[in-house]
Each structure stands twice: as C-alpha cells, then as structure tokens.
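Heads up: the sequence lines are chains E, D and Y, in that order.
Under this note's numbering, the first residue of the first sequence is numbered 1, with each subsequent residue one higher.
Under this note's numbering, the first residue of the second sequence is numbered 1, with each subsequent residue one higher.
Under this note's numbering, the first residue of the third sequence is numbered 1, with each subsequent residue one higher.
Each residue gets a CB set at the ideal place from its N, CA and C atoms; glycine is no exception.
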Amino acid sequence: MSVAPLIPGFSDPILGSQDIFRSILDAMAHPGSIEAVDDAICGVPHDIPLAAAACLLTLVDYDTPVWLAPEFMSIRSWLAFHTGAPDAASIDQTRFALMSAQSSSPAVTDFPKGDDRYPDLSATLIVVCTSLHGGRPIRLTGPGIESETIISPQGLHESFWTDVCENNSQFPLGSDIILVAGHELIALPRSITCEEIG
Amino acid sequence: MITSTDATTASSHGEKPVEYVDERKWWMGVLARATAQDFFAFNSFIPPKESYRLIKKPEIGTVMVEARAGGAGRRFNFGEASVTRCVVQLVSGELGFSYALGRDKGKAEQAALIDAILQSGDVYVKNTIFSILKTIEKKHLAAKDLQSRKAAATKVNFFTLVRGEG
Amino acid sequence: MYVAVKGGEAAILATHDLIAEERRGDRSVPEVTTAQISEQMKLATSRVMNEGSLYDPSLAALALKQAQGDSIEAAFLVRAYRTTLPRFGSTLPLDTSEMAIRRRISATYKDLPGGQVLGPTYDYTHRLFDFALMAEGETAPAAPIASDPLEPHMPRVPDILGDEGLMEAEVPPEGDPAPFDLTRDPIQFPADRDTRLQTLSRGDEGFLLGLAYSVQRGFGGNHPFAGEIRMGEVPVRFKPEELGFEIELGDITLTECQMVNQFQGSKDKPPQFTRGYGLVFGHAERKSMSMAILDRSLKNREFGESVDYPAQDEEFVLYHSDNVEAAGFVEHLKLPHYVDFQGELELIRKIRKEFDERQSELKAEKAGEAA
Chain E
1 MSVAPLIPGF
11 SDPILGSQDI
21 FRSILDAMAH
31 PGSIEAVDDA
41 ICGVPHDIPL
51 AAAACLLTLV
61 DYDTPVWLAP
71 EFMSIRSWLA
81 FHTGAPDAAS
91 IDQTRFALMS
101 AQSSSPAVTD
111 FPKGDDRYPD
121 LSATLIVVCT
131 SLHGGRPIRL
141 TGPGIESETI
151 ISPQGLHESF
161 WTDVCENNSQ
171 FPLGSDIILV
181 AGHELIALPR
191 SITCEEIG
Chain D
1 MITSTDATTA
11 SSHGEKPVEY
21 VDERKWWMGV
31 LARATAQDFF
41 AFNSFIPPKE
51 SYRLIKKPEI
61 GTVMVEARAG
71 GAGRRFNFGE
81 ASVTRCVVQL
91 VSGELGFSYA
101 LGRDKGKAEQ
111 AALIDAILQS
121 GDVYVKNTIF
131 SILKTIEKKH
141 LAAKDLQSRK
151 AAATKVNFFT
161 LVRGEG
Chain Y
1 MYVAVKGGEA
11 AILATHDLIA
21 EERRGDRSVP
31 EVTTAQISEQ
41 MKLATSRVMN
51 EGSLYDPSLA
61 ALALKQAQGD
71 SIEAAFLVRA
81 YRTTLPRFGS
91 TLPLDTSEMA
101 IRRRISATYK
111 DLPGGQVLGP
121 TYDYTHRLFD
131 FALMAEGETA
141 PAAPIASDPL
151 EPHMPRVPDI
161 LGDEGLMEAE
171 VPPEGDPAPF
181 DLTRDPIQFP
191 ADRDTRLQTL
201 SRGDEGFLLG
211 LAYSVQRGFG
221 GNHPFAGEIR
231 MGEVPVRFKP
241 EELGFEIELG
251 DITLTECQMV
261 NQFQGSKDKP
271 PQFTRGYGLV
281 FGHAERKSMS
291 MAILDRSLKN
301 REFGESVDYP
311 AQDEEFVLYH
321 SDNVEAAGFV
331 EHLKLPHYVD
341 FQGELELIRK
351 IRKEFDERQS
361 ELKAEKAGEA
371 A
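What follows is the structure, encoded as structure tokens:
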C-alpha cells in the first residue's frame, strides 16, 4: 500500500462535493467563465492542480471508469481510495479522464462521444493547463454565452483547439472538457463554438 | 510529519505473513459485529481526538449484496445493505480501517482506532485488547448457540417411541 | 384557457403539519418508538427492507413509523434514502449453506438430514385472536430451549436430488460473470436470470403472490413442490480494495426457498426435476415462495416452453412487479392534468355540437318528407 491514502479527500465530503458540483454546473452553464475553488476544500495528491483534485473527488465514483494520463498515474491509489473509481480498461471505456493540455495524444476526439440514444455516455475530460490566463485568446460563442466570451488558457498543444472544434462539430455527440490550472476551472461543453483569434 | 515509510511498514499487507492477515480478518469481524454496548470495554484504549487523524470520517454508504441462483449457481445482485466505514491514522503512523453493516458512525471510528492500535506492535496492548475481543466473541457465539437451541426445540421428532431399553 | 397552478404553497405546508398530527394520533396514547417497531414488527420491517431493496432494520422501522404503516410509502422512503448513499462496492456472493438456521422445512422429504426445524412460524397457529395481546405488560412465555444446538451442516434439498443426477444443476456460467445491475442500467428484454432474480427479489409481495397463485391454478405450466425453505442469518463478506483481503461486515437475516418442479427431458436429455429459487431480505416466507414459483415460470425460454399466461411473460412480470414504480405511475394521475382535460372538454363540446346539429338536420329532413 502506498503513501497516497494519507492525503485526504474532501475536508467535508458532503458540503465540499456540493460546492464543487455547483461550481462545475455554473461553469458548464456559462461556458468560458472562470470558477475558483476554495484552498482548504480538499487534499491534493502530488502534481495535480487543486481544481483537478476537487473535480475528480466530486464527479467520479465506483461506477465511472477513469483514464489517467501516464504522467498522472501516481494519483491512482489516492483516487481509488477516496472515490472507489475503477481504472478505465481502455480509452473506449472512459467516463472521466485526467490529461495534460500539452499532450496531443490521445486527442480530445479519441475519447467516447456517446451515441444517438445516450449522448451522455461520452467522456468528460479534465485537461490540466499551466494557467487559465495569459495564453492565446480564444473566442467562445453559443448556448450560455450572451454574445461572446474570450478565454486565454496557457500550456495547450498546437492542435488543441482544432481538436476541440472537431469534437464540438459532432454535437449532440462529443466529449465535454474542463480546463484546470491551480485553483481555477473553465468548462467547455460540446455545445459551444471556439475560434482562435489573433 | 508522517513519512511514507512509516505508512508502508504499518499497513502494506503484501509484506505481512498470512497468519497476520487471518488475525486481522478475525478481529475486524469481531469489531464489525460488536454492539455499541460492547465497545464500552475499549474505552481506556481510545486515544483523545487530537492524537489521531480522520483520513476518512465515518461515512455511511452501501454495498450491493450478491447471491447465487439456487444457492450455488449464477451470481445475481440481491439488494443493497447499509454499511459504515472509517479510516484513521495514529500519530505513530498506523492506518486503521473499519467496515460494518449499519449506520453507527461512533462505532465505526472506534473500531478503526482499535484496528490501528492492534497494528502498533505493542504486545501488552495487543494481548489485553485480544482478551476483550475474545469476550465479545464468546458472548455473540453464546447468543447464536442459544438461538440455535431454541430452534432445535421446534425440531420435529418423528419417532414417538423412546429409544433404548424397554 | 389556463388554470393557475401556483399559489398552493401554503396549502402544501399545511399538509405536512396535518400528517404529522395524524401520524401522532391521540396524544394520551404513548408514541410508538422505532425500537418497538424493529423489535415487535419484524415481519413488517422485513417487507420494507426487501421491497425497498436496502437491508437496514432500523431504517425500515423508521420508514414504517413515518409512513404510518403504509409499507409501499415506507419502501419509497427507503429507496429515496438509498439514492443519497455512495456505493462502496459489491460483496462476495452469499453462501446460504452457512446460514445460522432458525427455521428449515421441506415438503419433499420427511426425514431430511438436519431435520424439519419449524422455527418461529405462524403455520400452526389457529388464527384465533389472542385478545390478551390488547393488554400490555403481558410477559410472553419463555420459549423452550433444547439441550443441544442444531446440526451445523444442513445440506440443501436440491443437492440431495442432485447427487442422483435427478435435479437440474445450478452452476455458474463460464467465468462466473459479474451480474447485471438494474439499479444502474435499464432492464432489456430478453432478460437473463440474474436480471429476473434481482427484479423478483424487490417485487411487490402481493403482485408476486397473485401471479404465483395463478400459476398453481393452471395459468402456467408447472406444479411446484416446496423442496426447502430456510430462514436465518448469513455472514456478509466484502473485500475493500485498500485492504486487499476480504472481511466480514456482519450478518443479515434472509429467507430462501427452493421449489422443485416437474421434470423435463427429451430423447437425448435425461429427465430431471427443474427448480425455482426465491431469496429475500428478512423473514418473508410467502414472498420467497412466490418468487421461486415465478423464477421457474419465467424459465420458459431455457426449457422451450410456450408463453401462454401472464406469469410466463417476463415483460409483464418484470415491468409491473416493482411497487414503488407502479405506485408512482398510478398515483401520478393525481397531478394536475387540467390543461389536458380542458383540451378533451373542448373537443367533446365541438363534436357534441356537430352531433346535435346533424340530428336537427335529419329531423328537419324527415319532417320535410312527411309534409
């Protein structure tokens, strides 16, 4: 047994998960808005942002296979201990993934996109950026955005936005994305349109 | 600051001999069945709140109980049962776990503490706690035996003749 | 033509207070405690546990108190509560041969190994009221205690027949696969045995009883014998991932029934008795028997039997056996359907008007002809 279980989960499992769920819900309903996560809300295993830890603790459970990118495999036992989440046997079995924005493979479009009867059986991807500010500006439009929202996350690989556009072009199918860095998160549901500007 | 090596020596089941695991299974089973009343006997062993960490506060959840068709055949999901679990860590690093049917959070925390204390290696403490556990177990086995004897009193004896002489 | 549906908040809040008052009843009478219910109404709490599909006797007792004894409302409370709880995993499959037996009978073998243990049963009561129970403070006579406990090993009756090769075997399929879970995925047809057993175990006792009765009365193909019924406690084992070994969580009471049914065979297959299986939480014999009869009745596909009657129709049985679902749909009729009904009213008035006009036209024509 590794040291991972010593790192706690939510300091208050019920209130903490409700709080973060609300934040993710608001982020999805207002794509591009930045939601901040309270510092003391949960423990953080090595090398992942607080916002990523909080999202995982809230969203995954015994029934949702999780795919962890190789660089994040060290959190596996912490995640299993606190959530009971099983490992995804393959990318096709993934319901939630934790990956770095810098890796181009697997691409956003490689993950399950759901089907016509059950579009919700798609994957939700938690993508770790170096920051949610200071990067190349991206214009978001679509449901939940009155006219447009500009976001500028940093640390994304070259073809990230091309992949996202391809993913979103399959609406109502496709994955949903949560960008995280530090204690902040931005949601990119598959319903919106992204455009690189400048 | 608790280091990883302390934790691994305390609870890495892969390194412990089989007898240790069997012993642990035994005491965890006794603790799971112990009543709140039974736990009073452990009062002197329960450390003050400040001296241990709740890695997992007592949490109520469910397990899906599986059964087999016909008793021996194909598995099926029978129904769920409420379970309370808790994970604690002592100052000395031992991790204690408890899982039991029911929704008793107080008992869950105490059982996890006893599980942790029993891993600390202190022989005197272990022997004393073991004797309390054995008393609790004896009590439960006696209750089980009594119930069986009450059932046995309703067992049909088809022979109306007295056996033996005459 | 819209009707206001808001504005009922005050009325609704008043209903909460009113049911609390109704539930309490006459205050000069002592309040019923959940401990009293869980100790003295075990057959009721068993029903709530198995129909609510959650083993927790104290919760079942609370549900009955809160629902004023309405067992379906109580099962609903239990199901709702259960949805708020995280699932830690699945247990190892129960082994009912380890049961601490409190009752065990067989109608197929008189002198079976382990004997006929009647246990706490109402079967031999005379169904005469015991008016002494209306008074309190009655000390029940102490139950007799035998000098020795029951034999620890009580083989299952079907296994006795199985030794001769006369009983349909119950063997896990290749690989001992994990079962379907209807609490996670919707039932699809044709349904496999694991789906059928999970559904039946949480089904409404009345519905299953009625269907089982119909089978026995001829609306079904099988004639069952009660091979064995046993009731008692079985240990529950679970393997937490973080421990890596299995531990015992405690014991649960359950009732198991094995029905032995007429034999099936063919030119190539030797004739064998077939079986039905019932397993329910708590002490609930009638339901375990009904479940076992229906388990067999729904095996028509496996035995190549035709589906002629409701109890053989798996869609009919499985879709309608859940009383919380059934109550939900039947009782939803109480929700406002004002707009739908207005629509109907408009339509009927229109058609009625046309009918009346046509009638007067016909009358006028007739009168014209006569003239």
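Taking 9 Å as the upper bound on Cβ-Cβ separation, chain E lies near residues V87, Q89 of the segment 69-91 of chain D.
Taking 7 Å as the CB threshold, R33 of chain D lines the interface with chain Y. The alpha-carbon separation between P113 of chain Y and A143 of chain Y amounts to approximately 24 Å.
The beta carbon of F160 of chain E sits no closer than 7 Å to any beta carbon of chain Y. In this structure, E73 of chain Y places its C-beta atom within 7 Å of the C-beta atom of A67 of chain Y. In the three-state reduction of the DSSP assignment, Y81 of chain Y falls in the helix class.
Assigned with DSSP and collapsed to three states, R296 of chain Y falls in helix. DSSP, read as helix, strand or coil, puts R184 of chain Y in coil.
E148 of chain E carries a coil assignment under DSSP once its states are collapsed to helix, strand and coil. Contact holds between the segment 125-145 of chain E and the segment 173-189 of chain E, because three or more Cβ pairs, one in each stretch, are under 8 Å apart. Under a criterion of Cβ atoms nearer than 8 Å, the residues of chain E adjacent to P86 of chain Y are, in order, D61, Y62, G84. Proximity of F81 of chain E to chain Y, defined by a Cβ-Cβ separation below 7 Å, is satisfied. Counting of Cβ neighbours within 10 angstroms places P270 of chain Y among the exposed residues, the total staying below 16. Taking 7 Å as the threshold, the shortest C-beta distance from R149 of chain D to chain Y falls below it. Using a CB distance cut-off of 7 Å, E246 of chain Y does not count as an interface residue toward chain E.
With respect to the 7 Å criterion, V88 of chain D and G96 of chain D are classified as neighbours on the basis of their beta carbons. Looking at the backbone, the Cα of Y338 of chain Y and that of D204 of chain Y are separated by about 32 Å.
Contact note: E66 of chain D does not reach chain E at a C-beta cutoff of 7 Å; the least C-beta distance is about 14 Å.
At least one CB atom of chain Y sits nearer than 7 Å to the CB of V63 of chain D.
Cβ contact annotation for C257 of chain Y (same chain, cutoff 6 Å, sequence separation greater than five): I229, G278, S288, M289, A292, in chain order. Neighbourhood of E59 of chain D in chain E, by CB distance below 9 Å: P13, in chain order. Straight-line measurement puts the Cα of I14 of chain E at about 10 Å from the Cα of T84 of chain Y. Setting aside the 5 residues that flank it on each side, D110 of chain E is surrounded in the same chain by I91, each with a C-beta closer than 8 Å to its C-beta; the list follows chain order. The shortest CA-to-CA distance from I105 of chain Y to any of Y:R24, Y:G227, Y:V317 is the one to Y:G227. Looking at the DSSP output, N50 of chain Y shares a beta bridge with no other residue.
Taking 7 Å as the CB threshold, L113 of chain D stays off the interface with chain Y. Sequence-ordered contacts of the segment 161-188 of chain Y with chain E read R184 [C-beta pairs closer than 7 Å]. Spanning the alpha carbons of K299 of chain Y and S306 of chain Y requires a straight line of approximately 10 Å. Chain-order list of chain Y residues neighbouring D38 of chain D: empty, with the shortest C-beta distance near 13 Å, by a criterion of under 7 Å. Within 7 Å of the CB of L197 of chain Y, the CB atoms of chain D belong to A69, F76, in sequence order along the chain.
Against chain Y, a Cβ distance below 8 Å from D145 of chain D picks out P149. Against chain E, the beta carbon of E241 of chain Y has neighbours under 7 Å at A80, listed in chain order.
The Cβ neighbour count for S51 of chain D, taken over all protein chains shown within 10 Å, is under 16; the residue is labelled exposed. Under the three-state reduction of DSSP output, R301 of chain Y falls in the helix class. By the criterion of a C-beta distance shorter than 7 Å, P119 of chain E is surrounded in its chain by P172, L173, once the five residues flanking it on both sides are discounted.
Contact annotation for F130 of chain D against chain Y: no contact, minimum CB-CB distance about 17 Å [criterion: below 8 Å].
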